[in-house]
Structure formats: C-alpha cells, structure tokens
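Here is the structure we will look at.
2 protein chains.
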Amino acid sequence: QKRQADIKRSAVSEKSHRQESAELLALNFLLILTILTMWLFRQRQVRFLHETGGAMFYGLIMGLILRYTVSPSSHEVAKVHECRSLNSTPLSLMVNVTAQIHQYKYIGEVSQRKVEGFYASPILQKMIFDPEVFFNLLLPPIIFYGAYSLNQKFFFHNFGSVLTYAFLGTLISCAVIGGSMYGFVKLMVHAGHIKEGDFHLTDCLFFGALMSATDPVTVLAIFSELRVDRNLYTMLFGESVLNDAVAIVLTYSISAYSPRGDRYAFDGSAFFHSIGQFIGIVSGSFAIGSAFTIITASHAYLTKFTRLYEYPMLETGLFFLLSWSAFLSAEACGLSGIVAVLSCGITQARYTYYNLSTEAKGRTKQLFEFMNFIGENFIFCYMGLSLFTFQNHGFNSIFITGAFLSIFVARACNIYPLSFLLNLGRANKITPKVQHMMMFSGLRGAVAFALAIRDTSTEARQIMLTTTLLIVFFTVWILGGGTYPMLTVLNI
Amino acid sequence: QKRQADIKRSAVSEKSHRQESAELLALNFLLILTILTMWLFRQRQVRFLHETGGAMFYGLIMGLILRYTVSPSSHEVAKVHECRSLNSTPLSLMVNVTAQIHQYKYIGEVSQRKVEGFYASPILQKMIFDPEVFFNLLLPPIIFYGAYSLNQKFFFHNFGSVLTYAFLGTLISCAVIGGSMYGFVKLMVHAGHIKEGDFHLTDCLFFGALMSATDPVTVLAIFSELRVDRNLYTMLFGESVLNDAVAIVLTYSISAYSPRGDRYAFDGSAFFHSIGQFIGIVSGSFAIGSAFTIITASHAYLTKFTRLYEYPMLETGLFFLLSWSAFLSAEACGLSGIVAVLSCGITQARYTYYNLSTEAKGRTKQLFEFMNFIGENFIFCYMGLSLFTFQNHGFNSIFITGAFLSIFVARACNIYPLSFLLNLGRANKITPKVQHMMMFSGLRGAVAFALAIRDTSTEARQIMLTTTLLIVFFTVWILGGGTYPMLTVLNI
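This is the structure in structure tokens:
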C-alpha cells in the first residue's frame, strides 16, 4: 500500500513538472515568434512596432487561446478549513495526508472572493509566475544594463536635469495622479461601483507612484536608430532609468505609511516616518551599490598590473557576481536592490569598465545585453498573456478613464514646469520641441506592471493591475508606434 | 485588526525574502572567493587544485561555520495534523488562518523521522535549494556546453569507442557497483545497521547508476592546458559527457521498475518494461533534440542569405531559446531534457554553428561558457555547503567503505575489457597508458550529486547521498589533484 502511495505521489509531482515545462515552452515559443517577427520587420524597415510591442501582442493572442480552450479541472487544489490550531501564517507547513507528512511552502494571501476561481481553472491560475521573479530575477539585469549603457559624458553633463526630472518629477507625477485618482474614486463610490473604504488615499498615491515609472525601451530604441540629439537622448534615458528606482522606493514608502488610529486621519509622525524611510532607503541602497563598485574598481585596477586579464572569464564572472552581490546585500538589509544595482551600474560604467581587459569588456557588455533582451521580452510577453489568463482582475471603467486622463495631466505637470525651471539655469536650453517629445514619450512598461502585480489581494489592487495593463498596452502600441511620425512632425 | 494582520503577514514574507537574499549572498561570496583564489593559483602556476575543488572547499568551510553558529528557532514551521479531509496530496493548498485564506505550494514528502529536525533548525533546513533547480536550471547549460564544445572531427572519428564506453561502460559499471553494494548491504543488515527490507536491490542498482556518471571538469581542464593527445582528450570528454545522460536515464528506469506482488521477486515483464522505457526515453529525447537542431540549422541556413546577421543579438537569442525549447519539449513529453539538450548540442555544433555570423558565434559561445562556469562552480560550492547543513544525511561506514571499493572495481571492469575489445577493431590503438589514465580520471561530480539529492525520503537514499558526497570530495580533491603527477608518472 505504501508502494501505491509512492507511485501516486510521484505521478502528481511528475504531472506538475510536465505542466511547468509546457508553460515555459509556451513562453519560449512566443519569444521565438517575436524574434522572427522582429527580424522580418527590421529587414523590411518597418519601424512602427518595437519588439516589446510584438512580444506583448503574441502574449495577448496566446492568452486568448488559453482562456477559451483550456478546460477547467479542479482536483489539484484543496481547501483546508479545519486548521484552527494556527493563529499566524507559517512560512512552511507540514501536512499529514494518508499517514505521510508533506511539506508545503507559503505562497501568499488569496482574496476570499477569488477563491472560487481557483477551483474553476487551476491551469490558468498556474499560469502565473511568482511576481517576485520579476523583482529578483528579471528586473535587476534590465535596470543594471540601462544604467550601465548610459553615455557617461552626456549623463554627467545633464546630471542636474536628470536628477530633477527623476526625483522632483516623479514626486509631482505621483501627487498629481494620486490626487486626481482620489477624485475619481469618490465618483466610483458615488456611482456605487465600490464601497466607501475599499479605496484609500494611500491606495491612490500607490497607484500614482507606480504609474510614474516610465519605460525607456521603445522610444529609445527608435531614438538610437535615428541618432537624435545626444542631450535629448541621454536626458530621456537617464530620467527613465532613474525614475524606475524612485517609483519603486516610493511605492514601498507609501505601503509602509501606517497612521495610528483612524486610517483617514493624517498622522504627522507616520508621514515623516515614511519620508524618512524613502530617504533612508534611497541613500542606503545607493551607498551599498557604490561600495561594491569601489571593491570591483580597486580589484580591476589591481588586475591591470597582474595577469587576470589572461582569464577574461574570471573577470566577467567577478563583475557579474559583484553586481549581483550589490543587489542581494541591499535586499538582505531590507533596502532596495534595484536602487543598489542602479548606482552600481552607473558607477561601474564610469570607474570599473575601463579597467577591464578588452576581451572581458566585450563579454561583460554582451552578457548584460543578452540578459536585458531576454528579460524584457519575457516580461512584455507575460504582460500580454496575463490580460486574459490572470485571475485577480478588477475592471472598472471610471477608474480606467480617470487613469488615462491623470497620467497625461501628470506628465504635463512634470515636464513643462520643470523644464522651465531648469532652463533658467541651463546654458544649453531644453527647447519646446524636446519638451513635447519628452511629454510624448512617457510610456509605461515593465516596472509599472511588476509593481502592480506584486500584490493583488484587495479589490483596489486588482483594479489597479487591470488599469496598469491597459495603460501599458495603449502607451506601448499607440505612443510607441507614434514616435516615428511624431519625430517627423516635430522635425527632430 | 485586519490592518494588524496585514502588517504581521507582510513582516513574515519580508523576513523570508531577506533571509533568501542573505543565503544567495553567502553563495555569491563563496563564488567570488573561489574566483579570487583561482586567479592567484593560476598566476602562481599552481595546478593541483581546480576551481571546482576550490568552490567545494569554501562551501565546506561556510557549511561548518553555519552549522555551529546559526542558532535554531522554530516559529516559522507549523505542523497540521487535523487535515483528515484530504485523501490525496494536492499541488496547492488553501489554508484558512485567522479569517484569511492563504495559498501554499507543494514541496515534497518529508520522512517521518526527520520531521523533528525541521523544528530544531529551520534556517539550516532552508539552506536547501529545490533539487529540481539543479536539473532544470544548472545542469542543462553544463551538459549543452559540454556537448557543444566537443571537437567535432575527433569526436566522430572516435564515435564508436565513445558510444561503447558511454553505453556499455555505464551499464557494466552500474551492474558491478549495484551487485557488490548489494553484498555490502547484506553485511549491514548482518551488523544490525539497518533492517532487512530498508535497502532493496533496486536501491543498490540506483546507486550504481548514479555513481556511473563521471565528471569531466577537473581532469579535462588540466588535459586541455597540457595539450595532451587529441584522441585521448576527445574520448575522455565524449565519454564523460554522454555517460551523464545515460546514467540519468538509467536511474529513472530503475526507479520506474515496479514488479507486481513481492518486491524481491524478479518480474520479467516489469524488467522488460524498464528496458523498453530506457530505450524509449533515450531515442525519443535524442529525436527531439535533433528535431530542434533541424529547425535551427534550416533557419541559420536561411539567415545566411538574409540580413539577420546584422542583428547578432537576435541570432544568439534564437539559438538560446531553441536549445532551451528542446529541453522543455522533452521534459513536457515526459522524456529526458538532458538527453535532448545533449543531442541538440552535439548536432548544433556540427550543423548550425557554422551558419551563424562571426559576431553571433562569439556571443553564443561566450554565453554558454559563462553559464557553464557559473553553474558548475555553484553546484560544487553547494556540495561543500550541504555536507554540514543538509538535514537528510545517513552516515554508514560499511556502505561508504563498500562504495569506495566498488567504484574502483567497476571502473576497472569498464575500462580495461572494453578497451581490449575496442582495440581489436581500432587502427589507432588505445595504449595501456591511456587506459590507466582513463581509469584514473573517473571523477564523480555534479550529476551524481544532483541525482543523489533529488530524493532523500527513505533511509537508503539518505545513506546514498552522504556516500555520494564523500566520494565526490575524495575524487575531486585526491584524484583531481593527482592528475598532474599521474600524467608525469605515465609520461603522457
């Protein structure tokens, strides 16, 4: 009988493994399709669709197919109601089933009203990566590569402007979106879509922060092909790389805001605690990232006089491991790994890179380029896929309309006033044309999505996720596709 | 109150995330140390220690430190006894804790007598990667890179010999080790170490199969530096690459052997079923791997006449994704992904590689070299770490002594008779010196370890894991370190 149980059990895990392989294979297949399409497009000089847009499109189609073909089956999920012995949620659970003890690992909270969905379609439910995969595996190389490939000369030349746009701009954008969305939320309550108290001001600000992370990919790809003005390019790039990090820390600080007593009341000490946390995380993470650069740089400097350059694999390996360590150190200290990787990337490009051997330079650059390429297309593919297959969606027309309006207003409130202020001090003025182009190129992408999907336990968060997805689709396809005509109209 | 529960819950997952980061950081740190040491060794022309040996050494030290410094705490694991409502093990569990539903994911079975250990030291328990990570993430690139970097000319020149050693040799080795270990198991029962029935003949054969996977790393690194005879080199390399795949499929077939009725009785139909499965998996996986090569090759051939070569990143991406797809397809069909990747690697090196553009060739090779480098050092580091931190160990002196004797006898029974047979048909004879060297270079490494740690639910499997670890340590440090003197003695 034990033998029978053994066979049954291994059949279960075998089935789960095969299913996971099939899912990854499906994603692989989408990426292959994307590459082939892009290859065709590039050959025909078609410029209106970037590869990320293509990845998203194929993901969407695949999601539609899965949604309407995969038949629901429910024997793999079990509900345990009787566990009254627990009064907190353990990370690991030992369950005694048919005289054998099995280990279960904590995944996360599931909203009460969505539990039924699990029984209806576990295969679709399984089509969900752990959102932490985005934060811990896919996003860091993308951010690092972005920081690493900033043109150093032009970046430091426009350093003040980039910082102003990234910090002040993100804060303005967050406040404008958060504030106006709070108005729309009131409207939703009035229209009876949600109950009073489902959507707090902090939720609106959270949405404002995640919506403030702009994505450089599409626009920059076109810009770099067209060889536009280097100042404009670097400013756009620097802004979009830095504001991702700012937005990530900002969402964290907003989530951590916990006033004592009434949730609606403004609590000064909690507010300043959040601000302190924001500053603490940014500066702490930046310090860790830079510390690792000092280690790498001093090492690379030493190797110049030794013979490590004879082993480019060791150099590249060391470079990779130290950058990854910067990320992990920050995360282990409870700081932001993304900010650490960002500062590590910027400083390494400036100090370490030139001390590497020629061979190692090429290898390192290509390695990160590859990781960036795969990671980015993976995320966009997954975004397309999740529109129809993800369970925790919340569709709300008022919120969506409000969000579309808010992000354009917020972008305008960010770019034009700040450009005016910056122009007061700049010798090389930011022309109105460039300002229009910056306004136009505020696409939303991987970071906004990753922040939105991280937590979908409440209805408010589910509405945010759906809205974020729609905004990403719109901006990448419509604004991204419109960049080329726009450049022609503006005569850049 | 809900707010309080929210905060508590996010604190739990925050803590788990920080701990995971710290663990990865520790491994990163070990790899960095390894690289620095190797760099020093190479500079001083020290040849007795290969980087994998170094990685293992540092892992061991770190494991010792963790073992005796990390204090046990037990609040993160909870035992649920009351779930009598379940009569099978679901892949996903919904648990109702304090009015919130939480999702848990199936990890695996836990042996009854080891459950107490979980309560004693969850941090050490957590220091265990999912063994499937080895099979699905780390091993495939290593095998692929091995197959890919085989010298095509010499490999196909010695094709018959390599196949004989890899297939016939592995079967002989498996049978010899399995048979003699069965004798030692009888001795263990006699000595009262284990109970009759704890260790079956199939368990012994399983051990024989996993012990037949030889590791090329250390010896080949030295061989390639010394520029020994190409035939010897390719034969050794080809054998160790192919026999990994054979051993993996063999263990799978042995596990699947399930006689009806009495477990001790020989069941002809079950036996032939296992043999059929072995042949089916090997040929099926080989077919899938080759099929993907045909896709890649025809594509690469096409691109020669088009302009994909202008985008080396797309070429490399496609190459990587197609190779990975070969692995995933085989796994999704219930075949062996490792064999698919192996055949894909061998055939791609022959047909696809030369159709890539020069730029993409370099990128692709470097990418897989890097993945191989990191993966290999990671596994060896982890092996060192697991000797002192892994919970499911089973130390048995008789079994260990027996295993050390058996593997040498089995290696001799494999190399000398087969070489004699092969020499009858070969123009270019395998000299006694080469035979001694092949005998000597039967190191055990990553594959044997990965197979042993995959399942440690029974006492027999725990004894196997500990023994495997000790054999890997011994062969890598002593035999690996002795290769250079041995080559001098044999005058190669």
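Residue numbers (the working numbering), protein chains in the order written: chain A, 1362 to 1853; chain B, 1362 to 1853. Quick reminder that beta carbons are idealized off the backbone N, C-alpha and C, glycines included.
| query | result |
| --- | --- |
| Range covered by the alpha helix (DSSP H) that runs through D1605/B | 1591-1617 |
| Beta-carbon gap between F1760/B and M1549/B smaller than 8 Å | yes |
| Contact set between L1339/B and chain A, taken where Cβ atoms lie within less than 9 Å | Absent from the structure is residue 1339/B, since the part of chain B shown begins at 1362 and ends at 1853. |
| DSSP three-state assignment for T1836/B, whether helix, strand or coil | helix |
| DSSP three-state assignment for L1696/B, whether helix, strand or coil | coil |
| Same chain, Cβ closer than 7 Å to V1837/A, neighbours up to 5 away in sequence not counted | T1413, G1414, M1417, T1579, L1804, G1806 |
| DSSP-derived helix/strand/coil call for I1484/A | With a pLDDT of only 49 at I1484/A, under 50, the local geometry of the prediction cannot be trusted, and the value read off the model is given with reservation. Helix, per DSSP. |
| Contacting residues, own chain, Cβ-Cβ under 6 Å from G1698/B (five flanking each side not counted) | F1688, A1691, E1692 |
| Contact with chain A by Q1711/B, beta-carbon distance below 8 Å | Rather than Gln, the amino acid found at residue 1711/B in this sequence is Arg. Output row for R1711/B: interface = no. |
| According to DSSP, residues forming a beta bridge with R1805/A | T1575/A |
| Member of A1570/A, Y1509/A, L1386/A whose CA lies at the smallest distance from the CA of A1527/A | A1570/A |
| Three-state secondary structure (DSSP) of H1551/B | helix |
| Distance CB(L1782/B)-CB(I1791/B) smaller than 8 Å | no |
| Residue environment, H1463/A, which counts as buried when at least 16 other CB atoms sit within 10 Å | buried |
| 8 Å Cβ cutoff, L1386/A in contact with chain B | yes |
| Closest Cα partner of P1501/B within the set S1651/B, E1737/B, K1547/B | E1737/B |
| Proximal residues, the stretch 1682-1696 of chain B versus chain A, C-beta separation under 9 Å | L1682, L1683, W1685, S1686, F1688, L1689, S1690, A1691, E1692, A1693, C1694, G1695 |
| Residue-level contact to chain A via CB, M1399/B, 8 Å cutoff | yes |
| From I1655/A, R1724/A, I1538/A, residue whose alpha carbon lies closest to that of F1769/A | I1538/A |
| Straight-line gap, M1732/B to F1749/B (C-alpha atoms, nearest Å) | 27 Å |
| Rounded straight-line distance, which links the Cα of L1597/A to that of P1577/A | 8 Å |
| G1540/A to R1724/A span [Cα, whole Å] | 47 Å |
| Cβ-Cβ distance between V1808/B and A1574/B below 8 Å | yes |
| From T1829/A, L1785/A, D1564/A, residue whose alpha carbon lies closest to that of V1546/A | D1564/A |
| Beta-carbon proximity list for I1655/B, same chain, < 7 Å, skipping 5 on both sides | none |
| Option in G1745/B, F1647/B, S1718/B, F1741/B with minimal Cα separation from G1706/B | F1647/B |
| Segment limits, alpha helix (DSSP H) that includes N1784/A | 1758-1786 |
| Chain B contact residues for F1731/A, given Cβ-Cβ distances below 9 Å | M1674, T1677, G1678, F1681, R1724, L1728 |
| Run of the alpha helix (DSSP H) containing T1413/A, from where it starts to where it stops | 1412-1430 |
| Within chain B, the residues that Y1613/A reaches when beta carbons sit closer than 8 Å | Under the 8 Å cutoff, chain B gives no residues; its nearest Cβ is about 11 Å from Y1613/A. |
| K1790/B - containing alpha helix (DSSP H), residue span | Careful: K1790/B lies outside any alpha helix (DSSP H) and carries neither H nor E. |
| Buried or exposed by the 16-neighbour rule on C-beta atoms within 10 Å, applied to L1715/B | Rather than Leu, the amino acid found at residue 1715/B in this sequence is Tyr. Classification of Y1715/B: exposed, given that the 10 Å Cβ count is below 16. |
| Cutoff 6 Å; reference G1530/A; Cβ partners in own chain excluding five residues on either side | N1775, L1779 |
| Spatial distance of L1511/A from Y1594/A (CA atoms) | 10 Å |
| Residues near T1525/B by beta carbon distance below 8 Å, same chain, minus five either side | L1779, L1782, L1783 |
| Buried versus exposed call for F1680/A [16 or more other C-beta atoms within 10 Å across all chains shown] | buried |
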